[in-house]
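A.B. asks:
In our numbering, the protein residues as written are 3 to 323.
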């Protein structure tokens with residue numbers, strides 16, 4: 003698999019975002035629907051949800067076919083994936099819509115009752131059983147909403163799930179993360195630690211940035227296809243990008259990993275949660291460099307740490323820090 007094509011983790015993450023976006027969109031549609039248009043809007047929403055599920059299922063199936071992941075249990079996997087679209091956030095959105103409809107219904111009932119009382123000049127109130135039923139239903143809805151909030155609060159965070167998955171991967175391979183400062187230079191600092199630990203090569207972050215920049219400029223035809231700027235919908239200039247790599251705290255990623263792996267003729271193994279380790283430049287002849295990628299570890303975004311070989315107490319101490 004190419005280092006730069008969409009991973010299964012990225013595909014599923016994109017699917018999650020599309021599902022959240024659709025929930026937000028359909029929530030707005032329900033809120034704006036009138037009593038006359040409500041039925042038509044519900045039908046439109048059902049069609050949008052079916053279309054999204056169909057397209058995402060096709061994309062996932064295509065990915066699994068291309069990567070040899072399809073087996074006899076694929077149908078069950080698809081069914082499990084469908085179930086992931088029902089989240090506490092979606093339930094809260096649905097409860098909010100239904101509660102709004104109930105409030106409108108109660109308001110209409112009260113207005114009609116008041117008008118009738120004024121016309122008949124009734125000096126006392128009669129028991130409104132319909133309103134009592136609506137109030138009970140409203141109270142039940144609030145109870146369900148509170149329960150949904152509690153369930154959402156008790157769910158493990160993405161950071162906790164990722165941390166446990168990476169901990170397990172490291173333990174299986176007798177590795178322990180070596181913490182790197184999250185300052186924009188974390189990838190280069192991780193590679194520097196690996197070179198010093200595994201190859202006895204002492205390089206600073208500044209030197210690694212300069213070497214990576216020179217390699218990118220010298221191999222423009224290799225890196226140009228991966229320098230698409232989403233903000234301008236145009237290709238970035240290789241020279242300008244390389245200068246940023248060398249002279250700023252630009253966050254390093256796949257491009258810089260590939261460049262450094264070629265410069266030092268070393269495979270680079272990247273551990274990450276939710277998928278098998280990725281190895282860049284497998285044909286490299288020097289000792290393998292090992293780093294770990296975090297997507298949720300820091301509130302500011304992605305992060306890299308170096309991975310060192312662990313023995314009993316060292317491994318235990320690192321995880322307990």
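Just so you know, even glycine gets a beta-carbon here, dropped at the ideal spot from N, CA and C.
(1) Tell me whether the beta-carbon of residue 258 lies closer than 9 Å to the beta-carbon of residue 240.
(2) Closest to residue 198 by CA distance: which of 141, 186, 266, 261 is it?
(3) In the segment 246-304, which residue ranges form an unbroken alpha helix (DSSP H) of at least 4 residues, counting only runs that do not cross its ends?
(4) To the nearest angstrom, report how far apart residue 19 and residue 134 are at their CA atoms.
(5) Which residues mark the beginning and the end of the beta strand (DSSP E) in which residue 177 is found?
(6) Within its chain, find whatever has a CB closer than 6 Å to the CB of residue 164; leave out the 5 residues flanking it on each side and keep chain order.
(7) Where does residue 129 sit, in a helix, a strand or coil, going by DSSP?
(8) Please determine if the segment 102-117 and the segment 135-155 are in contact, where contact requires at least 3 C-beta pairs separated by less than 8 Å.
(9) Could you tell me which of 264, 24, 37, 181 sits nearest to residue 52, measuring between CA atoms?
(10) If you drop the 5 nearest sequence neighbours on each side, which residues of the same chain put their C-beta closer than 8 Å to that of residue 168?
(11) Just verifying my parser: in three-state terms, what is the DSSP assignment at residue 229?
(12) Please specify which runs of the beta strand (DSSP E), each continuous and at least 3 residues long, are wholly inside the segment 16-61, giving them in chain order.
(13) What residues match up with residue 309 in a beta bridge as DSSP calls it?
(14) What first and last residue would you give for the alpha helix (DSSP H) that runs through residue 192?
(15) Leaving out five residues on either side along the sequence, give the residues of the same chain with a beta carbon under 7 Å from the beta carbon of residue 160.
(16) My guess is that residue 243 and residue 262 are in contact by the Cβ rule of under 8 Å, so how many angstroms apart are they, rounded?
(17) Please report the straight-line C-alpha distance between residue 204 and residue 284, rounded to a whole angstrom.
(18) Which same chain residues, not among the five before or five after residue 182, have their C-beta less than 8 Å away from its C-beta?
(19) Using CA atoms only, rank isn't needed, just tell me which of 291, 30, 116 is closest to residue 202.
(20) Please say whether residue 63 and residue 13 have beta carbons closer to each other than 9 Å?
(21) Quick one, which of 21, 310, 29, 32 has its alpha-carbon nearest residue 327's?
(22) Out of curiosity, what's the CA-to-CA distance linking residue 215 and residue 249?
(23) Secondary structure at residue 143, three-state DSSP: helix, strand or coil?
(24) Could you tell me which residues DSSP pairs with residue 236 in its beta bridges?
(25) With a threshold of 6 Å on Cβ separation, who are the neighbours of residue 279 within its own chain once the five nearest residues in sequence on each side are excluded?
C.D. replies: This is what the structure holds:
(1) Residue 258 is not a Cβ neighbour of residue 240, given a cutoff of 9 Å.
(2) Nearest of 141, 186, 266, 261 to residue 198, Cα basis: 266.
(3) List check, alpha helix (DSSP H) in window: 256-265.
(4) One C-alpha to the other measures close to 40 Å.
(5) First-last of the beta strand (DSSP E) with residue 177: 177-180.
(6) These residues qualify, in order along the chain: 275, 298.
(7) Of the three classes helix, strand and coil, the one that applies to residue 129 here is coil, per DSSP.
(8) At 8 Å Cβ cutoff, the stretches touch.
(9) Looking only at 264, 24, 37, 181, the smallest Cα-Cα distance to residue 52 is reached by 24.
(10) Cβ neighbours of residue 168 within its own chain (closer than 8 Å, five residues either side excluded): 179, 273, 274, 275, 294, 296.
(11) If DSSP states are grouped into helix, strand and coil, residue 229 belongs with coil.
(12) Within the segment 16-61, no complete beta strand (DSSP E) run reaches 3 residues.
(13) Under DSSP, residue 309 shares a beta bridge with 179.
(14) Secondary structure note for residue 192: its alpha helix (DSSP H) is the uninterrupted segment 188-201.
(15) Setting aside the 5 residues that flank it on each side, residue 160 is surrounded in the same chain by 298, each with a C-beta closer than 7 Å to its C-beta; the list follows chain order.
(16) Incorrect: roughly 15 Å between the Cβ atoms, too far for contact.
(17) Straight-line Cα distance between these residues: approximately 23 Å.
(18) Excluding sequence neighbours, residue 182 sits near 188, 191, 192, 195, 305, 306, 307, 308.
(19) Considering only alpha carbons, the answer is 291.
(20) Against a cut-off of 9 Å, the Cβ pair of residue 63 and residue 13 comes out as no contact.
(21) The requested residue 327 is not part of the displayed model; the chain covers only 3 to 323.
(22) Approximately 9 Å, taken between the alpha carbons.
(23) Of the three classes helix, strand and coil, the one that applies to residue 143 here is helix, per DSSP.
(24) Answer is 231, bridged to residue 236.
(25) Only residues of its own chain outside the window of five on either side were considered, and among them 271, 273 have a CB closer than 6 Å to the CB of residue 279, listed in chain order.
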